[in-house]
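Peer 1: Residue numbers (the numbering used here): 67 to 326.
We put the CB at the ideal spot given by N, CA and C, even for glycine.
Please read these numbers as outputs of a predicted model, since none were measured by experiment.
First the structure, then my questions, so here it is.
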Amino acid sequence: MAATATTDATTTFDKKTWMGGVEPMNASYGKLMMWFFLISDTFTFSALLVTYGLIRFSYPAWDPAIHGEIFQFSNLYWPIPEKVYNSVPFFHGVELPLVFVGLMTFILIFSSVTMVLAVEAGHRRDRADVEKYMLWTILGGLTFLGSQAWEWSHFIHGTDKGTVVRELVSGEWIQRTIFGANLIENQYGPPAFADLFFFITGFHGTHVLSGVVLNILIFYRTATGLYDRRGHYEMVEKVGLYWHFVDLVWVFVFTFFYLV
Numbered sequence: 067m068a069a070t071a072t073t074d075a076t077t078t079f080d081k082k083t084w085m086g087g088v089e090p091m092n093a094s095y096g097k098l099m100m101w102f103f104l105i106s107d108t109f110t111f112s113a114l115l116v117t118y119g120l121i122r123f124s125y126p127a128w129d130p131a132i133h134g135e136i137f138q139f140s141n142l143y144w145p146i147p148e149k150v151y152n153s154v155p156f157f158h159g160v161e162l163p164l165v166f167v168g169l170m171t172f173i174l175i176f177s178s179v180t181m182v183l184a185v186e187a188g189h190r191r192d193r194a195d196v197e198k199y200m201l202w203t204i205l206g207g208l209t210f211l212g213s214q215a216w217e218w219s220h221f222i223h224g225t226d227k228g229t230v231v232r233e234l235v236s237g238e239w240i241q242r243t244i245f246g247a248n249l250i251e252n253q254y255g256p257p258a259f260a261d262l263f264f265f266i267t268g269f270h271g272t273h274v275l276s277g278v279v280l281n282i283l284i285f286y287r288t289a290t291g292l293y294d295r296r297g298h299y300e301m302v303e304k305v306g307l308y309w310h311f312v313d314l315v316w317v318f319v320f321t322f323f324y325l326v
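Right, here's the structure in full:
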């Protein structure tokens, strides 16, 4: 009888554990699935950044003793980030290295702070505060996307002077000027530099855009009182996990592209 009782208790425990009776680490199904998605996305971004690092260091760095004391863009060596990303809107002709991208980074990180405040307000079931902080998060995301669009536009159009290159055409060396960058040629350096820039920053920008759309949806549902009727604001927290992930990834993208 004792053995039978023990077996029944074990069976009951197993059913509760593995058939949905217990939430691991007190995390709901939705949170767990979000974490699984973020972990898989981490592998994707890691692969992209490792690829960037391998290609980046397969090219030599600019050396004044070899390439001249005055830096010039060339496909013979990897460009210096401060020379590429040195423009700011409304300050044409003024070189301000990394100022604009630094401002972009601050805006995105600040939007992560407002998302934290929105999640905290959701725990208190304070509908007004959730709406307020979600709105600030949305504005931060849209501002970042607008800034990235301007940076892409400037990168594509290039500098006023362009870069002069020599090419062998029909047995004769000719000179021509390249302006900006695309997927075929690049004013700033090796074509791989532009390819990686467009792909990785564009991939991250797509994540930011997706996050903004999700935030708008959460804001709308909060404003219409859906989460009050449900009795919890867990969706705010789940979307907040995604938004924090997007912000964290940008820190690594910023480090690889603009600082290394």
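Who does ALA247 pair with in a DSSP beta bridge?
Peer 2: ASN252
Peer 1: If contacts are defined as beta-carbon pairs under 8 Å, then VAL315 and PHE103 qualify, I think. What distance do you get, rounded to the angstrom?
Peer 2: Contact flag wrong, Cβ pair sits at about 13 Å.
Peer 1: Leaving out five residues on either side along the sequence, give the residues of the same chain with a beta carbon under 8 Å from the beta carbon of PHE176.
Peer 2: GLY206
Peer 1: Given a cut-off of 8 Å, decide if GLU148 and GLY169 are closer than it, judged by their beta-carbon atoms.
Peer 2: Per the sequence presented here, residue 169 reads as Leu, with Gly not at that position. Contact flag unset, no.
Peer 1: Under three-state DSSP, which class holds TRP316?
Peer 2: helix
Peer 1: Starting from GLU161, trace the alpha helix (DSSP H) both ways and give me its first and last residue.
Peer 2: Note, GLU161: premise wrong, no alpha helix (DSSP H); not H, not E.
Peer 1: Candidates SER213, ASN248, SER124 and GLY271: which alpha carbon is nearest VAL319's?
Peer 2: GLY271
Peer 1: Is the beta carbon of THR243 closer than 8 Å to that of VAL230?
Peer 2: yes
Peer 1: From THR225 to TYR308, what does the alpha carbon distance come to, in whole angstroms?
Peer 2: 36 Å
Peer 1: So for GLN330, helix, strand or coil by DSSP?
Peer 2: Outside the modelled stretch of the chain, which goes from 67 to 326, sits residue 330, for which no answer is possible.
Peer 1: Only counting runs of 3 or more residues, tell me where the beta strand (DSSP E) segments fall wholly within the stretch 189-247, in order along the chain.
Peer 2: 229-235 and 238-244
Peer 1: Considering HIS273, what are the terminal residues of the alpha helix (DSSP H) in which it resides?
Peer 2: It spans 257-289 - the alpha helix (DSSP H) in which HIS273 sits, taken as one unbroken run.
Peer 1: Please work out which residues of its chain come closer than 6 Å, Cβ to Cβ, to TRP84, disregarding the five sequence neighbours upstream and downstream, and give them in chain order.
Peer 2: Confidence in TRP84 is poor, its pLDDT being 48 and thus under 50, which makes the residue's placement unreliable; the coordinate value appears in the next sentence. Correct list: empty, nothing qualifies.
Peer 1: Measure how close the beta-carbons of GLY306 and VAL185 come, nearest whole angstrom, since I'm counting them as under 8 Å.
Peer 2: That belief holds up - the Cβ atoms of GLY306 and VAL185 are roughly 5 Å apart, short of 8 Å.
Peer 1: Counting only the same chain and skipping the five closest in sequence on each side, list residues whose C-beta sits under 6 Å from that of HIS310.
Peer 2: SER178
Peer 1: I'd like to know if the stretch 135-150 and the stretch 252-264 are in contact, where contact means that at least 3 CB-CB pairs between them fall below 8 Å.
Peer 2: Flag = yes, the stretch 135-150 and the stretch 252-264 touch.
Peer 1: Quickly, what does DSSP pair TRP144 with across the bridge? List them, please.
Peer 2: ALA127
Peer 1: Just mark TRP239 as buried or exposed, buried being the case when its beta carbon has 16 or more other beta carbons within 10 Å.
Peer 2: exposed
Peer 1: Pick out whichever of GLY297, GLY96, PHE109 and LEU115 has its Cα sitting closest to the Cα of PHE259.
Peer 2: LEU115
Peer 1: Between the alpha carbons of LYS82 and MET100, how many angstroms are there, rounded?
Peer 2: Its pLDDT being 48, under 50, LYS82 is placed unreliably by the model, and the measurement read from it follows with that caveat. Near 23 Å, if we compare the C-alpha coordinates of MET100 and LYS82.
Peer 1: Judging by CA-CA distance, which residue of TYR299, PHE323, SER124 and TYR286 is the nearest neighbour of ASP192?
Peer 2: TYR299
Peer 1: Tell me which residues share the same chain as ASP261 and place their Cβ nearer than 7 Å to its Cβ, disregarding the 5 neighbours each side in the sequence.
Peer 2: Within the same chain, ASP261 has close Cβ partners LEU249.
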